[in-house]
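Here's the structure, in structure tokens; my notes come after.
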């Protein structure tokens, strides 16, 4: 069957990708050796890696979209064989009911962040949140120019750390600056760093999306994810309410 036999290009890509993976051996060495299948999967899902690149925020002014795209391809090649692999006597394997996009988007996105980010996410976030609160803007929109705003009231240590984070004028040891950040009642670094360790269901994917965008999942976002991942919109809606509840509970635990 060719592409004309399918109702849409996304359906064609989805089915062909499944067929390629189902043709692989469950023996790990044999499976990993099928680079011909890997390359066909990349060719079929090429636009998907662009989606990952455009939806992964990197705190590094020298990194371009092309850098993130190449990083996405590189890291996919490191773990491409994991999808739909049932494991063996030495490994547990992975769930087979997740779609290709749901399985790889958060995993590859996190690998890009670990490779390309200059500054630890939680350090940058805590400082930019303080600036954002004083200036009335989202922490992710804070820029170096905001540091000269006369409304901004920061200690010298925090100002120095932010200048280092934005990579201006000089380099600095962020570990040293982190010592001066007050231990305020905020979400612990370990919680944010470990949020993305497991992606075994739709709720985990939605929680990851809410943490990354700092907002709830809207109906428009659900529809976009449904089209992108090939998931029934009603399944996403059901998972969304549970994901919000789980995230709320986890966040509350970190503050008590």
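In the numbering used here, the protein residues as written are 1362 to 1617. Backbone N, C-alpha and C define an ideal beta-carbon position, used for all residues, glycine too.
How many angstroms separate the CA atom of residue i from the CA atom of residue j?
{"i": "residue 1512", "j": "residue 1493", "result": "11 Å"}
{"i": "residue 1595", "j": "residue 1602", "result": "11 Å"}
{"i": "residue 1613", "j": "residue 1592", "result": "30 Å"}
{"i": "residue 1350", "j": "residue 1453", "result": "Nothing can be reported for residue 1350: it is not among the residues displayed for the chain, which extend from 1362 to 1617."}
{"i": "residue 1470", "j": "residue 1429", "result": "9 Å"}
{"i": "residue 1575", "j": "residue 1467", "result": "16 Å"}
{"i": "residue 1476", "j": "residue 1456", "result": "26 Å"}
{"i": "residue 1510", "j": "residue 1497", "result": "12 Å"}
{"i": "residue 1377", "j": "residue 1388", "result": "21 Å"}
{"i": "residue 1520", "j": "residue 1416", "result": "29 Å"}
{"i": "residue 1410", "j": "residue 1524", "result": "32 Å"}
{"i": "residue 1609", "j": "residue 1578", "result": "13 Å"}
{"i": "residue 1599", "j": "residue 1516", "result": "45 Å"}
{"i": "residue 1394", "j": "residue 1412", "result": "27 Å"}
{"i": "residue 1405", "j": "residue 1392", "result": "19 Å"}
{"i": "residue 1451", "j": "residue 1514", "result": "56 Å"}
{"i": "residue 1573", "j": "residue 1384", "result": "35 Å"}
{"i": "residue 1423", "j": "residue 1431", "result": "14 Å"}
{"i": "residue 1419", "j": "residue 1433", "result": "13 Å"}
{"i": "residue 1403", "j": "residue 1518", "result": "46 Å"}
Tell me which residues share the same chain as residue i and place their Cβ nearer than 6 Å to its Cβ, disregarding the 5 neighbours each side in the sequence.
{"i": "residue 1590", "result": "1460, 1462, 1463"}
{"i": "residue 1503", "result": "1489, 1492, 1493"}
{"i": "residue 1500", "result": "1489, 1490, 1493"}
{"i": "residue 1445", "result": "1382, 1457"}
{"i": "residue 1351", "result": "Shown here, the chain extends from 1362 to 1617; a query on residue 1351 therefore has no answer."}
{"i": "residue 1375", "result": "1591"}
With DSSP run on the structure shown, which of helix, strand or coil describes residue i?
{"i": "residue 1469", "result": "helix"}
{"i": "residue 1376", "result": "helix"}
{"i": "residue 1416", "result": "coil"}
{"i": "residue 1387", "result": "coil"}
{"i": "residue 1429", "result": "helix"}
{"i": "residue 1396", "result": "helix"}
{"i": "residue 1450", "result": "coil"}
{"i": "residue 1591", "result": "coil"}
{"i": "residue 1406", "result": "coil"}
{"i": "residue 1370", "result": "helix"}
{"i": "residue 1444", "result": "coil"}
{"i": "residue 1485", "result": "helix"}
{"i": "residue 1423", "result": "coil"}
Between which residues of its own chain and residue i is the CB-CB distance below 7 Å, once the five residues before and five after are set aside?
{"i": "residue 1597", "result": "1563, 1583, 1586, 1587"}
{"i": "residue 1401", "result": "1381"}
{"i": "residue 1435", "result": "none"}
In chain order, what residues of the same chain have a beta carbon less than 8 Å from the beta carbon of residue i, not counting five sequence neighbours either side?
{"i": "residue 1607", "result": "1564, 1568"}
Every unbroken beta strand (DSSP E) within the region 1488–1530, with a cutoff of 3 residues, ordered by chain: none
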